[in-house]
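Asks:
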Amino acid sequence: MSHDQATVAEEEYLQIIYWLQEAGLPITGANIARAMQVSAPTVHEMIGRLEGDGYVTRAEDKILSFTSSGREHASQIVRRHRLIERFLTDVFDIPWDQVHEEAERLEHWMSPVVEERMLRAIGDAKTCPHGHPIFEGEREQGVPLADVEQGATVRILRFENEAEDLLHYLKDIGLHPGLKGKLGHADDEEIVIEADDSTHSITRSVAETVSVVANPSPPVRVALPDQLVLGRERYGR
Numbered sequence: 002m003s004h005d006q007a008t009v010a011e012e013e014y015l016q017i018i019y020w021l022q023e024a025g026l027p028i029t030g031a032n033i034a035r036a037m038q039v040s041a042p043t044v045h046e047m048i049g050r051l052e053g054d055g056y057v058t059r060a061e062d063k064i065l066s067f068t069s070s071g072r073e074h075a076s077q078i079v080r081r082h083r084l085i086e087r088f089l090t091d092v093f094d095i096p097w098d099q100v101h102e103e104a105e106r107l108e109h110w111m112s113p114v115v116e117e118r119m120l121r122a123i124g125d126a127k128t129c130p131h132g133h134p135i136f137e138g139e140r141e142q143g144v145p146l147a148d149v150e151q152g153a154t155v156r157i158l159r160f161e162n163e164a165e166d167l168l169h170y171l172k173d174i175g176l177h178p179g180l181k182g183k184l185g186h187a188d189d190e191e192i193v194i195e196a197d198d199s200t201h202s203i204t205r206s207v208a209e210t211v212s213v214v215a216n217p218s219p220p221v222r223v224a225l226p227d228q229l230v231l232g233r234e235r236y237g238r
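2 is the number of the first residue of the sequence shown in my numbering; add one for each residue after it.
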């Protein structure tokens, strides 16, 4: 049986598991450890707690799955996180590359009353400032920017890795969800997006973590964990 209220530590893990599942990555102890940048024994211990509390199940191949209770708890905490990010950006005018860590601090303590007021305050906004859907089931399909061919038109959907140092980098080079342009120069190290009045150069490793809509579009692919650049603190998903 699951607990009525997950602990803060459990919510952190449920959130990471949700993000891995949303991005199409296998929910394994190794991927969780990599995402959170903690040791394998620490993850193993917490997975046991999540199983015991009825939030996840573990198959014979060690792949984790949410129970209905786990999915509900995870979607709630992710929704609160993204709602807070949007609120802090739109209402408090905090730069979007600074709100992820702020939301991490606030998401566990928000009451339903505050959540309702925040929803009213953000109006028609459907995504967090980094392009992730606030409400479950509204995620637009994208492809990694790193896969797009030179000359294709692109629209940036979202930044899959929300580690704060990577968000600082993306903001500094002028990228943001909604930006439209054409893929200019591209090689093994660097990709250039040419917008109407600006040019943006991004390393190919970070481009693996940027989802776009492209025309022509490469095949849909999940960026493999060993291809994704890590932030200094923790992997954004």
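Beta carbons are placed, not taken as given, at the ideal position from N, Cα and C, and that holds for glycine.
Give me the residue from K127, F67, A41 with the minimum Cα distance to E86.
Replies: K127
Asks: Alpha carbon to alpha carbon, how far is W20 from R81? Give it in angstroms, no decimals.
Replies: 14 Å
Asks: In the DSSP assignment, the alpha helix (DSSP H) including N216 goes from what residue to what residue?
Replies: Unbroken run through N216 is the beta strand (DSSP E), 211-216; no alpha helix (DSSP H).
Asks: Could you pull the start and end residues of the alpha helix (DSSP H) that K172 belongs to?
Replies: First-last of the alpha helix (DSSP H) with K172: 165-173.
Asks: What residues match up with L65 in a beta bridge as DSSP calls it?
Replies: L65 pairs with R59.
Asks: Please report the distance separating the alpha-carbon of G55 from that of I28.
Replies: Spanning the two alpha carbons is a distance of roughly 16 Å.
Asks: Quick one, are the C-beta atoms of V214 and L158 less than 8 Å apart?
Replies: yes
Asks: Between the alpha carbons of E190 and I203, how many angstroms are there, rounded?
Replies: One C-alpha to the other measures close to 9 Å.
Asks: Tell me, please, which residues DSSP counts as bridged to K181.
Replies: According to DSSP, which records beta bridges pairwise, K181 is partnered with R156.
Asks: Given the structure, does Q38 come close to the ligand ZN, in the sense that its CB is under 7 Å from one of the ligand's heavy atoms?
Replies: Questions concerning the ligand ZN fall outside what the structure shown contains, since it holds no ligand whatsoever.
Asks: Answer with buried or exposed for G182, where buried requires no fewer than 16 other C-beta atoms within 10 angstroms of its C-beta.
Replies: buried
Asks: Is L184 closer than 8 Å to V149 when the C-beta atoms are compared?
Replies: Going by C-beta atoms, V149 is nearer than 8 Å to L184.
Asks: Across the region 191-202 and the region 119-136, are there enough close Cβ pairs to call them in contact, namely three or more that are closer than 8 Å?
Replies: Contact between the region 191-202 and the region 119-136 is absent: fewer than three C-beta pairs spanning the two stretches fall below 8 Å.
Asks: For H101 and G152, what's the separation of their Cα atoms in angstroms?
Replies: Each residue's alpha carbon lies about 33 Å from the other.
Asks: Ordered along the chain, which non-local residues of its own chain (more than five positions away) have a Cβ less than 8 Å from that of A34?
Replies: S40, A41, T43, V44
Asks: Based on the DSSP output, what are the partners of E191 in its beta bridges?
Replies: Its beta-bridge partners are T204.
Asks: Cα separation between H249 and G71?
Replies: Limits of the chain in this structure are 2 at one end and 238 at the other, which puts residue 249 out of reach.
Asks: Does the Cβ of H131 have 16 or more other Cβ atoms within 10 Å, making it buried, or fewer, making it exposed?
Replies: The residue is buried, with at least 16 neighbouring Cβ atoms inside 10 Å.
Asks: Please report the distance separating the alpha-carbon of I18 from that of L89.
Replies: Distance between the alpha carbons of I18 and L89 is about 24 Å.
Asks: Please classify M2: does DSSP put it in a helix, a strand, or coil?
Replies: Here M2 scores only 40 on pLDDT, less than 50, and its place in the model is too uncertain to base an answer on.
Asks: Mapping the DSSP letters down to three states, classify R238 as helix, strand or coil.
Replies: Residue placement at R238 is flagged as unreliable, the pLDDT there being 49, under the threshold of 50; the coordinate-derived value follows with that caveat. The answer is coil: DSSP assigns R238 none of H, G, I, E or B.
Asks: Can you tell which of Y14, G25, L15, G30 has the C-alpha that lies nearest to the C-alpha of V223?
Replies: G25
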